[in-house]
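Working notes, beginning with the structure itself.
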Amino acid sequence: MRPTRATALLTAGLVTLLGVPAGAAAAAGAPAHLYVNNQDGSNCSDSGSGTQAVPYCTISAAAKAVAPGQTVLIKPGKQYDEDVVVDRSGDPGKPITFAADPAAGGLQVDLTPYKRLAISGASHVVVRGLFTHGGVQVSRSSDVELDRIRASRPKGAALVVGEASSDVRVSRGNLVGIRVEGGSQRTVISRNLLSGSTGSPVSAADAPGTVVTNNTVYGYFCGPIIAVDGASTGSGVFNNVLVPQGASSCATPDPRPGISVAQSATTGTKADYNLIVNAPYSWSGTTYKDRASFEAATGQGAHDIVTPTADNIGTWEGSLTVDSADPTAPGVLPTDFHGNPTADDPGAPNTGKDGGYLDRGAYELQDGLSQVWMSVDRTYAPVGTAVEVQAVSNSNWSSTMTYEVDFGDGTAPVVTKQGTGPHGLAQHAYTKPGDYVIKVAAVNAVGKRVFTEQPVKATPAVPLTANFASAPVLPTSDDPIDRTRPLTVAVDTAASATPWPVETVTVDFGDGTTSARDDKLGSVRHTYNTPGEYQVTLSLVDVKGARSKVTKPVKVDYAASGYVATEPFRLMDTRTSGPLMAGVPHGMNLPVGLNVPGHVMSGSMASVVLNVTVTHATQDAFLAATPYYTERPTTSNLNVRAGGTVSNTVTVPASEFGQAFFTLNAGRADVIVDFVGYYQPNIGQRFSPVSPTRLADTREAGGALGAGQTRTVKVAGAAGIPAGASAVALNLTSTDTTAGTFVTAYPDPAKRPATSNLNPEPGKAKSNQVIVPVGPNGTITLYNHWGSTHLVVDVVGFYGKEGKALFTPVVPKRLADTRDTGRLAAGATATAAGVPAGAVGAVVNLTATESAGAGYLTAYGFGAARPDASSLNTLPGVTVPNHVTTPVGDGKISVYNGPWGGPTHVITDLLGYFTQG
0 MRPTRATALL
10 TAGLVTLLGV
20 PAGAAAAAGA
30 PAHLYVNNQD
40 GSNCSDSGSG
50 TQAVPYCTIS
60 AAAKAVAPGQ
70 TVLIKPGKQY
80 DEDVVVDRSG
90 DPGKPITFAA
100 DPAAGGLQVD
110 LTPYKRLAIS
120 GASHVVVRGL
130 FTHGGVQVSR
140 SSDVELDRIR
150 ASRPKGAALV
160 VGEASSDVRV
170 SRGNLVGIRV
180 EGGSQRTVIS
190 RNLLSGSTGS
200 PVSAADAPGT
210 VVTNNTVYGY
220 FCGPIIAVDG
230 ASTGSGVFNN
240 VLVPQGASSC
250 ATPDPRPGIS
260 VAQSATTGTK
270 ADYNLIVNAP
280 YSWSGTTYKD
290 RASFEAATGQ
300 GAHDIVTPTA
310 DNIGTWEGSL
320 TVDSADPTAP
330 GVLPTDFHGN
340 PTADDPGAPN
350 TGKDGGYLDR
360 GAYELQDGLS
370 QVWMSVDRTY
380 APVGTAVEVQ
390 AVSNSNWSST
400 MTYEVDFGDG
410 TAPVVTKQGT
420 GPHGLAQHAY
430 TKPGDYVIKV
440 AAVNAVGKRV
450 FTEQPVKATP
460 AVPLTANFAS
470 APVLPTSDDP
480 IDRTRPLTVA
490 VDTAASATPW
500 PVETVTVDFG
510 DGTTSARDDK
520 LGSVRHTYNT
530 PGEYQVTLSL
540 VDVKGARSKV
550 TKPVKVDYAA
560 SGYVATEPFR
570 LMDTRTSGPL
580 MAGVPHGMNL
590 PVGLNVPGHV
600 MSGSMASVVL
610 NVTVTHATQD
620 AFLAATPYYT
630 ERPTTSNLNV
640 RAGGTVSNTV
650 TVPASEFGQA
660 FFTLNAGRAD
670 VIVDFVGYYQ
680 PNIGQRFSPV
690 SPTRLADTRE
700 AGGALGAGQT
710 RTVKVAGAAG
720 IPAGASAVAL
730 NLTSTDTTAG
740 TFVTAYPDPA
750 KRPATSNLNP
760 EPGKAKSNQV
770 IVPVGPNGTI
780 TLYNHWGSTH
790 LVVDVVGFYG
800 KEGKALFTPV
810 VPKRLADTRD
820 TGRLAAGATA
830 TAAGVPAGAV
840 GAVVNLTATE
850 SAGAGYLTAY
860 GFGAARPDAS
870 SLNTLPGVTV
880 PNHVTTPVGD
890 GKISVYNGPW
900 GGPTHVITDL
910 LGYFTQG
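Note that numbering that gives the first Met the number 0 has the sequence shown beginning at 0, numbered continuously upward.
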């Protein structure tokens with residue numbers, strides 16, 4: 000494998016074969032390319048000018064228009080049903096070229112069966128990438144290049160060069176027979192795959208200067224494999240691989256000569272460096288059975304190889320073809336049938352002429368290089384640390400490989416040779432912290448390059464220091480599948496200083512749960528059961544054994560949310576499934592995502608608004624709604640007397656798993672739950688509280704609602720509620736009821752839901768706060784089921800685009816309880832403090848108990864003027880709760896006990912609050 004002059008000789012051979020390069024410029028002002036495209040939808044026209052937008056439909060149309068220096072690009076795919084005749088000429092240095100469009104990825108242009116290509120009376124022509132079953136004819140033409148032509152014909156040679164043509168070059172084709180005749184001169188046939196079933200696959204008759212070099216010829220032949228006859232003097236046969244496969248169909252079974260040169264053609268004709276499988280020679284009329292006798296008699300074939308079988312012929316290590324040809328032979332190309340360059344196999348001796356390493360035949364053995372891999376010993380290390388890269392490829396000739404290693408920091412690539420070692424090796428130390436990409440190029444001896452890359456990190460040279468940042472994780476849509484649970488926090492450990500890779504990342508979330516992650520910094524999510532402040536601890540251990548720990552307080556709370564009003568629907572009714580038992584929390588699936596069939600909603604709702612009714616109570620009791628399982632809740636939502644029925648609106652956070660829990664403190668009772676709407680961050684409408692204002696009172700207008708009757712009440716556009724409001728918060732009160740009944744408030748008078756909001760009873764004034772979507776023309780509708788009752792409607796706020804505040808739910812929290820301080824006297828006002836700072840409104844459960852007489856309570860913002868509306872109606876000896884939405888002043892709520900009901904105890908439980916922003 001010593002250095003040779005092969006490269007220079009190959010280049011000289013290329014110029015000899017190809018002449019002037021085919022890429023010469025077109026004439027000034029003419030487009031460089033014409034286009035042919037017969038595909039459906041190509042907008043082609045043979046009457047156009049062959050532009051890419053309006054190409055020719057046929058090759059023949061382009062052949063009539065092409066000018067010197069222009070290239071006709073032909074779209075492969077659909078066959079072209081035409082005989083193609085080229086009879087126009089280019090100029091020296093400016094050939095006319097016909098080629099398959101390279102945009103088709105190497106596909107050939109097909110003519111329909113038995114259509115032919117003819118080059119007639121033309122010069123300076125190039126045809127590349129054509130497939131025809133009708134054969135190729137070159138006549139009376141000169142300076143013609145036929146490259147990558149695939150051709151056959153029903154009878155005779157697929158390619159015929161004749162009628163005194165000259166300087167025709169045939170390269171890298173797949174042809175069923177070539178014949179050169181009729182005084183044609185200097186035809187060069189190189190790097191082709193040739194075959195035939197009759198006659199001779201390659202023949203030259205009266206064709207002086209014919210050169211047959213580096214072809215692979217195989218098939219069943221009834222004549223010589225290569226026949227040089229007539230006045231074909233000065234011809235050459237070099238570097239070919241000739242593989243006859245039998246002659247059983249011929250007139251005689253005798254072996255056919257591999258090379259046959261007639262006496263009339265021997266002058267100046269030479270043959271050498273061919274590889275012949277079990278075939279004799281014929282020279283000047285004499286047959287020679289072996290190479291030695293052939294050389295002794297003629298002086299030809301001194302470096303031929305004659306082998307009895309084709310077992311050791313091919314593109315593999317040890318093949319007789321490898322590195323054994325004559326690189327100085329006329330017609331040698333630097334690339335093979337597939338376009339691969341000449342390559343030197345380091346495992347094979349260079350037995351070619353002058354130590355050359357050209358392979359015999361149409362194919363050149365390559366090293367198989369297609370992939371490179373790298374191994375980096377330290378992909379994560381502090382600056383100043385030596386980083387070692389080991390590079391290896393799949394080249395079969397590893398000793399010839401060179402690796403260029405670019406460490407990505409602006410320094411010059413490190414060039415390393417593999418040699419006899421197992422891999423290429425390069426080292427580098429980064430001087431600045433950063434994220435880098437190491438890129439490795441594997442380069443073989445013929446310049447083929449394949450690449451790979453790997454990211455690495457150079458870290459500051461500091462001690463291991465644990466650190467993290469935390470942030471709430473909030474939903475961004477109402478997608479029912481992609482759920483973001485309330486009280487979810489992301490703990491991002493990427494802020495830690497880690498000079499070496501970490502082996503263990505452990506996050507203790509402070510609520511009894513821990514996340515352990517091997518060697519991975521970054522963000523980890525956790526959902527808490529309840530709001531609060533938690534001590535979160537991050538512990539790190541790196542590959543060097545260093546340890547670091549940090550603990551920080553993380554505040555977990557519900558996020559401010561908008562309201563989404565829905566058509567009310569029944570969610571639970573234990574009258575059909577069995578009552579609640581005292582002290583046994585009852586879990587209920589909320590319509591979170593796909594939880595409730597027929598009601599697909601957002602998977603990320605944070606809290607829900609429900610209308611809850613308790614009935615059939617076996618003894619006096621209270622009911623509490625919570626977002627988690629608890630046997631002893633500290634707050635209540637409804638209070639019911641034995642045998643009674645009571646309803647109330649309830650706002651409660653959704654649990655991590657999309658549930659709410661109901662706990663009864665005594666006896667048994669049935670619970671009916673209607674879904675009204677929900678709150679969620681980043682979607683829904685904002686809320687604006689208003690000073691309670693009366694919208695309707697049937698005692699003053701319209702009269703009581705009888706059984707089955709409805710009444711429409713204007714809400715949007717009235718009492719300061721914007722016309723564009725989407726829902727309103729109302730306090731609904733019944734009085735003068737003649738029979739136990741239920742009342743439903745709903746938006747569309749034509750679509751009354753099977754739900755209820757208030758359960759009026761004779762002799763009792765009862766109230767409940769409701770949130771109702773606004774229906775047609777800014778109205779809501781009230782329905783009474785049995786008997787008759789008067790209804791009073793007070794508005795306390797609205798939801799819509801004009802709303803100003805978002806709602807933040809809380810786990811129910813007691814703000815005030817006069818049972819600890821004494822009953823609130825008639826005409827007196829109590830203050831409930833503890834609403835978070837900045838709140839402009841609050842949702843509370845207001846309860847009156849141990850009342851001396853029938854009266855009312857009014858909740859309003861601390862420091863504001865007291866409104867005339869009521870929030871709750873007290874009854875002697877009866878505990879009465881109500882869901883109340885009220886303005887807030889300075890974090891406080893004022894509760895006024897009306898002047899005629901006597902003293903009463905007041906309990907105020909916070910369910911959530913509204914903030915602007």
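Using N, Cα and C, we set each Cβ at its ideal position, and we do this for glycine too. The structure presented is a predicted model; accordingly, all values stated were derived computationally and were not measured.
Roughly how many angstroms separate the alpha carbons of residue i and residue j, rounded to a whole number?
i: S603; j: N896; result: 40 Å
i: A665; j: M587; result: 20 Å
i: M373; j: T401; result: 13 Å
i: L910; j: A841; result: 8 Å
i: G423; j: D517; result: 32 Å
i: A641; j: G762; result: 17 Å
i: V809; j: P584; result: 19 Å
i: R290; j: G346; result: 27 Å
i: T644; j: T513; result: 46 Å
i: A703; j: L731; result: 14 Å
i: G195; j: L241; result: 12 Å
i: D619; j: H882; result: 20 Å
i: S281; j: R139; result: 31 Å
i: D917; j: V124; result: With the chain covering only 0 through 916, there is no way to say anything about residue 917.
i: Y362; j: V159; result: 24 Å
i: G22; j: A99; result: Confidence in G22 is poor, its pLDDT being 45 and thus under 50, which makes the residue's placement unreliable; the coordinate value appears in the next sentence. Cα to Cα, G22 sits roughly 14 Å from A99.
If I follow the unbroken alpha helix (DSSP H) through residue i, where does it start and stop?
i: I58; result: 58-64
Helix, strand or coil, according to DSSP, for residue i in the structure here?
i: T266; result: coil
i: P459; result: coil
i: S725; result: coil
i: R943; result: Given that the chain is displayed from residue 0 to residue 916, the structure contains no residue 943 and the question cannot be resolved.
i: R693; result: strand
i: R524; result: strand
i: D819; result: helix
i: P101; result: helix
i: A494; result: helix
i: G897; result: coil
i: K93; result: strand
i: G49; result: coil
Since residue i sits in a beta bridge, which residues does DSSP pair it with?
i: S122; result: S141
i: L424; result: Q389
i: T401; result: K416, V442
i: Q534; result: P552
i: T846; result: P880, I906
i: Q684; result: Y562
i: K447; result: K447 pairs with nothing; no bridge assigned.
i: Y677; result: V563, V607
i: L874; result: V877
i: Y435; result: V455
How is the beta strand (DSSP E) around residue i delimited, first residue to last?
i: S469; result: 468-471
i: E760; result: Run containing E760: none; DSSP gives neither H nor E here.
i: M587; result: 585-588
i: V236; result: 235-237
i: S374; result: 371-375
i: Q107; result: Looking at the DSSP string, Q107 is not in any beta strand (DSSP E), and its letter there is neither H nor E.
Nearest chain C C-beta to residue i closer than 8 Å, yes or no?
i: W396; result: In the structure shown, chain C cannot be found, because there is only a single protein chain.
- Query: Residue ranges of each beta strand (DSSP E) run of no fewer than 3 residues wholly in the stretch 239-325, ordered along the chain?
  - Reply: 240-243, 258-260, 269-271, 274-276, 280-282, 285-287, 304-306
- Ranges of the beta strand (DSSP E) found wholly within the stretch 196-223, counting only runs of at least 3: 201-204, 210-212, 215-218
- What beta strand (DSSP E) runs, 3 residues minimum, are completely inside the stretch 131-165? 135-138, 141-146, 158-161
- Counting only runs that start and end within the stretch 623-665, where is the beta strand (DSSP E) found for 3 or more residues in a row? Unbroken beta strand (DSSP E) stretches of 3 residues or longer found wholly inside the stretch 623-665: 637-639, 645-652, 658-663, given in chain order.
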